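Colleague:
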Amino acid sequence: MNFLRKLAFWSIAVIFPLPLVALFETESGDPDRLKNIIVLGLVAYCWWLLAVLLSARPGWLDRRVGLPAIYGLHGMLGVLALGLAYIHSQNSYAPSALARDLGEWALYGSFGLLCFSVFFLSGWLVDRSQLVGRVKALLEKVVRRQLSVWVHRLNLLVIAAIWLHVHLLGRASEHFAFMVLFDFYTVSVLGVYVWKKWISPDGYLTGTVRSNIARGETTRVVTVVLDRPDARIRPGDFFFLRFEGSKAIGKEWHPFSVTGDSQKELTFTIRQHGDYTRKISDVEVGTRVRLEGSFGRFESIVQGLDDDTPLVLLGMGAGIAPLLSLAAAHHKRRPIELLWSVRRPDDPYYGDVLDEFVRDSGGSMRVTTRVGRFRKEHLAAALSPHAVEKGAVFVVGPNPAVLASRSTLRRVGVARRRVHDERLTM
C-alpha cells in the first residue's frame with residue numbers, strides 16, 4: 053500500500069469522531085479545560101466504535117487497502133482509545149456514582165481485553181518471540197481460538213457501559229442534538245456489526261466439499277464447489293471458511309488461501325499445525341461450507357505493475373497456495389521467479405503443476421525449491437539481478453517466517469516498498 057493510500061486510510065481515525073466532537077464543542081458551555089477532557093473521552097469512544105466497524109471486514113475496503121491494514125488500524129485504535137480513556141478518567145469527575153463506576157469498569161475491562169487480544173489474537177508479540185509463541189500454543193489447548201474471538205467480543209459490553217455512562221452525565225445528556233448524534237453513532241455501528249455477523253442473508257458464499265486429499269504428512273488439499281460462480285474471486289485471494297453439519301470439526305471461521313484461478317471450484321491447501329486444522333482430514337466429502345470473502349490485494353498490486361516487472365513469489369510450506377494461484381494467472385504474461393521452501397524432500401507436492409507452468413511460460417518462469425528456509429546466500433543465488441532491482445515480491449507463510457524473510461530480502465537488496473505480504477495480525 054503506497055504512502056498516500058495509507059495516509060488516506062488512517063485519516064479515517066481523525067475524520068470519524070469530528071462531527072460528534074464539533075457538535076459537543078458547539079453546544080457545551082463547560083470551561084475549556086473540562087471540555088477538552090470530555091472531548092478526549094468522546095474520541096476514545098468513537099475509536100472503539102470504529103474498531104468494531106472495521107472488525108466487520110468490509111469487502112470494499114479490503115480491495116482498496118487490504119485486510120492486514122484493516123486489522124492493523126483496528127488494533128491500533130484499541131490501544132490509542134485506551135490511552136485517551138485513561139487520561140479522561142484521571143482528569144474528570146462524575147457526579148453520579150453509577151456513571152463513575154461504569155466508566156471505571158469500562159476502562160479496566162478494555163485494558164484486560166486489550167492484553168488478552170494482544171496475546172491470543174495479534175502477532176505483535178507472538179510473531180516476534182519463539183518463547184511467547186510456545187506459551188501461546190500451550191495455552192491454546194484450553195483457550196481455543198473461537199473462545200478467544202468471543203472474549204474479544206466482550207468489547208461490545210465495554211461500549212454499552214460507556215454509552216450508559218454518557219447518558220447518566222448531565223453535562224452531556226442535557227444537549228439534545230449531541231445525544232441524538234451520539235446515539236446515532238452507536239446504533240449505526242452496532243447495527244452494521246450485528247447485521248454483517250449474524251443476519252445478512254447474502255453476505256456469504258456457500259458450497260460443498262468435493263474432495264479432501266492428503267498432500268504429504270501434514271497438508272490437506274480441500275476442494276469446494278461453489279453453488280454458483282463468483283466473478284469477484286481473483287488470483288491470490290483468500291476466504292474465511294466454516295464447515296457446517298460435520299461432526300468432525302467445529303463451526304469456527306478460519307482463513308485459507310485459494311490455490312488456482314477458478315471462480316467455481318476452489319482448492320485450498322491447508323497445513324495441519326493446530327488443533328483446528330488437524331481435524332481437517334476428517335471433514336467428509338459432501339460437507340456444506342460457508343465462505344466469507346473473497347479477500348486479498350495481491351492481484352490488484354500485480355495489475356498496477358508495468359508489463360515487464362518480474363514477479364518474485366516466495367512461499368513457505370502451504371504458503372505456496374495463493375502464489376500458485378498468481379502463477380497460474382500470469383506465467384504466460386510476465387516474468388516470474390517462484391521460490392518454495394519446504395520442510396521435507398517429499399513435500400513439494402505441486403512440483404508437477406509448477407513444471408507445467410515452466411514449460412508453458414516459454415522460458416519466462418523459473419522455479420527454485422529448497423528444503424529449509426531461504427537465507428541471504430540462497431536468495432542471492434536464486435534471484436536474478438533484475439528481480440532484485442525491479443521485482444515485486446510476494447511473501448506467504450507462517451507469520452514469523454514472513455517477518456524473517458522480509459528482513460532477509462532487504463539484506464539482499466530488495467526495497468522494502470516492493471515486498472508484499474498479507475499477514476492477518478492486529
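Quick note: the sequence shown uses the working numbering, first residue 53, plus one each step.
Cβ coordinates follow ideal geometry from the N, Cα and C atoms, glycine included.
None of these values were measured; they are calculated from a predicted model.
Between the alpha carbons of R286 and S263, how many angstroms are there, rounded?
Modeller: Answer to the nearest angstrom: the Cα atoms are 22 angstroms apart.
Colleague: Excluding the 5 residues preceding and the 5 following I322 in the sequence, name in chain order all residues of the same chain whose CB lies nearer than 8 angstroms to its CB.
Modeller: Counting only Cβ-Cβ distances below 8 angstroms, and skipping sequence neighbours, we find T271, R272, V273, V274, F308, T329, I332, A370.
Colleague: Could you give the DSSP three-state label for V131: helix, strand or coil?
Modeller: If DSSP states are grouped into helix, strand and coil, V131 belongs with the helices.
Colleague: Please go through the same chain and pick out, in chain order, the residues whose beta-carbon is closer than 6 angstroms to the beta-carbon of P387, but skip the five residues on each side of it.
Modeller: Contacts found: P362, S416.
Colleague: Could you please give me the residues that DSSP links to L136 through a beta bridge?
Modeller: Partner(s): none; L136 has no beta bridge.
Colleague: Going by CA-CA distance only, name the one from K303, S225, G127 that's closest to R342.
Modeller: Answer by Cα proximity: K303.
Colleague: With F350 and L378 assumed to form a contact (beta carbons below 8 angstroms), what rounded beta-carbon distance in angstroms separates them?
Modeller: 6 angstroms between Cβ atoms; contact.
Colleague: In its own chain, which residues sit with a C-beta less than 8 angstroms from the C-beta of Y117, not counting the 5 before and 5 after it?
Modeller: Note on residue identity: the sequence assigns Val, not Tyr, to residue 117. Cβ within range, chain order: M53, R57, K58, F61, R349.
Colleague: Can you give me the Cβ contacts of A96 inside the same chain, cut-off strictly under 6 angstroms, excluding the 5 residues immediately before and after it?
Modeller: The residues are A133, L136, A137.
Colleague: What residues in its chain sit with their C-beta under 6 angstroms from that of V277, if we drop five residues either side in the sequence?
Modeller: Same-chain partners within the cutoff: G259, T260, R262, E317.
Colleague: What do you get for D289, buried or exposed, if any count of 16 or more other CB atoms within 10 angstroms of its CB means buried?
Modeller: That one is buried.
Colleague: Closer than 7 angstroms by C-beta to R427: which residues in its own chain qualify, once you throw out the five before and the five after it? Chain order, please.
Modeller: Cβ within range, chain order: T460.
Colleague: DSSP state of R344, grouped into three classes?
Modeller: It should be pointed out that residue 344 corresponds to Glu in this sequence rather than to Arg. E344: strand per DSSP, three-state reduction.
Colleague: Whose CA, out of G81, R267, V454, lies closest to the CA of P397?
Modeller: Nearest of G81, R267, V454 to P397, Cα basis: R267.
Colleague: Can you check the stretch 77-154 for any alpha helix (DSSP H) of at least 4 residues that lies completely inside it and give the ranges in chain order?
Modeller: Complete alpha helix (DSSP H) runs here, min 4: 84-106, 111-117, 119-142.
Colleague: Three or more C-beta pairs under 8 angstroms: does that hold for the stretch 441-454 against the stretch 172-181?
Modeller: Enough Cβ pairs lie closer than 8 angstroms, so yes.
Colleague: Bridge partners for S263 per DSSP, in chain order?
Modeller: According to DSSP, which records beta bridges pairwise, S263 is partnered with T275.
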